[in-house]
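As structure tokens, the structure follows; a few thoughts come after it.
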Amino acid sequence: MEKLNIQRLKRTLEYLESKQRELKNQKENDTRSLESMIQYLKKDMMEQFKLSDHVLLSMKQEIKNTETFIVIVRNIIDANS
132 MEKLNIQRLK
142 RTLEYLESKQ
152 RELKNQKEND
162 TRSLESMIQY
172 LKKDMMEQFK
182 LSDHVLLSMK
192 QEIKNTETFI
202 VIVRNIIDAN
212 S
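So the sequence shown is numbered by the numbering used here: it starts at 132 and just counts up by one.
Now the structure itself:
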């Protein structure tokens, strides 16, 4: 993965992490729109950065769990930095 793509992936991951924190903090409020945004962002990251090329596991399972997805993306960034 190119350095420019790694930098963009890092920024996108930071944004995803901020939305995940926001979701955790809104326990009692309606979080459907935030959850939808997070799901869309994860799918977009998978397509835009071709993350499935870097992981041998079934990404469909990991995409459902945002915390696991974040860890996997961090590992991809570390391996390509």
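Glycine residues also receive a C-beta, built at the ideal position from the N, C-alpha and C atoms. Just so it is clear, the structure is predicted and the values come from calculations on it, not from any experiment.
Judged by DSSP secondary structure, N211 falls within the alpha helix (DSSP H) whose first and last residues are 197-211.
DSSP places K134 inside the alpha helix (DSSP H), whose first and last residues are 134-156. Counting only the Cα atoms, I207 lies some 7 Å from H185. The Cβ neighbour count for V202, taken over all protein chains shown within 10 Å, is under 16; the residue is labelled exposed. Here K181 is exposed. Its C-beta has fewer than 16 other C-beta atoms within 10 Å. Residues of the same chain with a CB within less than 8 Å of the CB of L165, apart from the 5 flanking positions on each side, are K150, E153, L154, Q157 in chain order.
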